[in-house]
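Trainee: Okay, here's the structure, questions in a sec.
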Amino acid sequence: MRLAHALLRGWRPPIYDVRHQRKNAVDPLTDLLSSPSVRIQNPSAVADKVKALVSGGIDRLQVISDFDYTISKFYDGNGNRCLTTHMVFIEGTKEIDEALAGKLKALNDAYLPIEFDAQMTIEEKVPHMELWWRSSHRLITEAKFSRTTLRSFVKVSNILLRDGCDGLLVLLEKHKVPLILFSAGIGDIIEIFLEQRLGFVPANLHIISNMILFDQNDCAVNFSDPLIHTFNKNSSVVGQERAFFHDIRNRPNVLLLGDSLGDLHMDVGVENEGAVFKIGFLNFNVDALLPKYLDGYDIVLIQDQSMNVPLKLLRAILRGGQAQN
Numbered sequence: 007m008r009l010a011h012a013l014l015r016g017w018r019p020p021i022y023d024v025r026h027q028r029k030n031a032v033d034p035l036t037d038l039l040s041s042p043s044v045r046i047q048n049p050s051a052v053a054d055k056v057k058a059l060v061s062g063g064i065d066r067l068q069v070i071s072d073f074d075y076t077i078s079k080f081y082d083g084n085g086n087r088c089l090t091t092h093m094v095f096i097e098g099t100k101e102i103d104e105a106l107a108g109k110l111k112a113l114n115d116a117y118l119p120i121e122f123d124a125q126m127t128i129e130e131k132v133p134h135m136e137l138w139w140r141s142s143h144r145l146i147t148e149a150k151f152s153r154t155t156l157r158s159f160v161k162v163s164n165i166l167l168r169d170g171c172d173g174l175l176v177l178l179e180k181h182k183v184p185l186i187l188f189s190a191g192i193g194d195i196i197e198i199f200l201e202q203r204l205g206f207v208p209a210n211l212h213i214i215s216n217m218i219l220f221d222q223n224d225c226a227v228n229f230s231d232p233l234i235h236t237f238n239k240n241s242s243v244v245g246q247e248r249a250f251f252h253d254i255r256n257r258p259n260v261l262l263l264g265d266s267l268g269d270l271h272m273d274v275g276v277e278n279e280g281a282v283f284k285i286g287f288l289n290f291n292v293d294a295l296l297p298k299y300l301d302g303y304d305i306v307l308i309q310d311q312s313m314n315v316p317l318k319l320l321r322a323i324l325r326g327g328q329a330q331n
């Protein structure tokens, strides 16, 4: 009980002096937990999962990640809140359709507090999320934006990759590790952003998201089904992905990255599931949300704008358990 209370107050394991140890002999768990942003609730379970991932190796791994505020940053360099893939339309339309921008912002202002209300259950939140998403999608498709317009919106947005995320994406593609972006955002915006930021969309990337449907004039007219919102990233929306997950069934171990309690079950489609290691980015409202995040995630990262911890874990898996100094 004492340990549990200490963890909730922000306990971190001691950082051992490894200067006199053999090069590359740092224990992967010690290396992971040395970050000041790390919080954990069950050290022994975390140790067991890290050991399982490392011993399983890179060829048995897949990565499932959210995009908004997980792959992307929460704040930019000036301390401003970064945009989500939906919020791109709020900023992008300010100059060309002020009324539309106002309607989209009003929806965001009304429903965002509900999404992160620590007192409401997920079941209570779901109808609000469905209404928010459907209302936003209807407004977007009524405007009939072209792909060219979407690219211009993304180009001027402040969506940013987390520090070190470029390296994570490069390593995953190099070693042919499937990266599934399971996003309640807008998949087309994700693709455009990656093309603009990286110059390409990684070959190992598979996106499960809300995709825009375009007509013969390249104008947005609808969104794909099923609707994916924050709290239905589960079996209700992955039915059409069975063939994909079957193809990677020989990769039972999962590194799951999310920033919401709704991201906890993104691994629902995995066949022959083995070790699942869940890292949660807690970007704000820490005092109210930390207990629930610790209940769901193996590691919680407090207001961490980097991918340093996931990168450390990936490198440990690649080294077969021997961390670099």
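Under our numbering, residues 7 to 331 are what the sequence shown spells out, in order. Built from N, CA and C at the ideal position, the CB exists for glycine as well.
So what's residue 294 in DSSP terms, helix, strand or just coil?
Mentor: Helix at residue 294.
Trainee: Less than 8 angstroms between the C-beta atoms of residue 319 and residue 38, yes or no?
Mentor: In this structure, residue 38 lies closer than 8 angstroms to residue 319 by Cβ.
Trainee: Look at the alpha carbon of residue 97 and the alpha carbon of residue 153, and state the distance between them as a whole number of angstroms.
Mentor: Each residue's Cα considered, the two are about 16 angstroms apart.
Trainee: Report yes if the C-beta distance between residue 183 and residue 69 is below 8 angstroms; otherwise report no.
Mentor: Taking 8 angstroms as the Cβ cut-off, residue 183 and residue 69 qualify as a contacting pair.
Trainee: For residue 1, which residues from the same chain have a beta carbon less than 8 angstroms from its beta carbon, with the 5 sequence-adjacent residues on both sides left out?
Mentor: In the structure as shown, the chain starts at 7 and stops at 331, and residue 1 therefore has no counterpart that could be examined.
Trainee: Tell me whether residue 209 is buried or exposed, calling it buried when 16 or more other Cβ atoms sit within 10 Å of its Cβ.
Mentor: Exposed, since its Cβ has fewer than 16 Cβ neighbours within 10 Å.
Trainee: For residue 77, which three-state DSSP category applies?
Mentor: Coil at residue 77, not helix or strand.
Trainee: Using a threshold of 8 angstroms, state whether the C-beta atoms of residue 217 and residue 253 are closer than that.
Mentor: Going by C-beta atoms, residue 217 is not nearer than 8 angstroms to residue 253.
Trainee: Going by the beta-carbon positions, is the gap between residue 164 and residue 86 smaller than 8 angstroms?
Mentor: In contact: residue 164 and residue 86 (Cβ atoms closer than 8 angstroms).
Trainee: Start and end of the alpha helix (DSSP H) containing residue 1?
Mentor: Residue 1 lies beyond the residue range present for the chain, which begins at 7 and ends at 331; the question has no answer from this structure.
Trainee: Can you tell me where the alpha helix (DSSP H) with residue 116 in it begins and where it stops?
Mentor: 104 to 121 is the span of the alpha helix (DSSP H), which, as asked, contains residue 116.
Trainee: Kindly indicate which residue of 263, 232, 301 and 326 has the alpha-carbon position closest to the one of residue 185.
Mentor: When only C-alpha atoms are compared, the closest one is 263.
Trainee: What is the C-beta distance between residue 261 and residue 283, in whole angstroms, given that I count them as a contact (C-beta under 8 angstroms)?
Mentor: So it is a contact: roughly 5 angstroms between Cβ atoms.
Trainee: Pop quiz: residue 303 and residue 323 are said to be a contact at Cβ under 8 angstroms. What is the actual Cβ separation, rounded to whole angstroms?
Mentor: No, residue 303 and residue 323 are not in contact; Cβ-Cβ is about 19 angstroms, not under 8 angstroms.
Trainee: Below 8 angstroms, can you find three or more Cβ-Cβ pairs linking the segment 56 to 73 to the segment 189 to 207?
Mentor: Touching, per the Cβ criterion.
Trainee: Any chance you could list the beta strand (DSSP E) runs of at least 3 consecutive residues sitting entirely within the segment 141 to 223, in chain order?
Mentor: The segment 141 to 223 contains these whole beta strand (DSSP E) runs: 185 to 192, 211 to 216 and 218 to 220.
Trainee: I need the DSSP call for residue 95, collapsed to helix, strand or coil.
Mentor: Here residue 95 sits in helix by DSSP.
Trainee: In terms of residues, what are the limits of the beta strand (DSSP E) holding residue 71?
Mentor: 67 to 71 is the extent of the beta strand (DSSP E) around residue 71.
Trainee: Verify whether the separation of the beta carbon atoms of residue 332 and residue 80 is less than 8 angstroms.
Mentor: Outside the shown range of the chain (7 to 331) lies residue 332, about which nothing can therefore be said.
Trainee: Using the three-state DSSP reduction, which class does residue 308 fall into: helix, strand or coil?
Mentor: If DSSP states are grouped into helix, strand and coil, residue 308 belongs with the strands.
Trainee: What is the DSSP secondary structure of residue 325, counted as helix, strand or coil?
Mentor: Three-state result, residue 325: helix.
Trainee: Candidates 279, 278, 277 and 269: which alpha carbon is nearest residue 287's?
Mentor: Ranking 279, 278, 277 and 269 by Cα distance to residue 287 puts 269 first.
Trainee: Apart from the five residues on each side of it in sequence, which residues of its chain come closer than 6 angstroms, Cβ to Cβ, to residue 56?
Mentor: So the qualifying residues of the chain are 34 and 35.
Trainee: Tell me the rounded alpha-carbon separation between residue 240 and residue 251.
Mentor: Straight-line Cα distance between these residues: approximately 14 angstroms.
Trainee: Does the segment 162 to 180 come within contact of the segment 106 to 121, defined as at least 3 CB pairs closer than 8 angstroms?
Mentor: With a cut-off of 8 angstroms, the segment 106 to 121 and the segment 162 to 180 do not count as touching, because too few Cβ pairs lie within range.
Trainee: Can you look up residue 249 in the DSSP assignment and give me helix, strand or coil?
Mentor: In this structure, residue 249 counts as helix in the three-state DSSP scheme.
Trainee: Over what stretch of residues does the beta strand (DSSP E) that includes residue 282 continue unbroken?
Mentor: Start and end: 282 to 288.
Trainee: In or out: residue 176 buried (at least 16 other Cβ within 10 Å) or exposed?
Mentor: So residue 176 counts as exposed.
Trainee: Less than 8 angstroms between the CB atoms is what I'm expecting for residue 281 and residue 58, so what's the real figure, rounded?
Mentor: About 4 angstroms separates the two Cβ atoms, so the contact holds.
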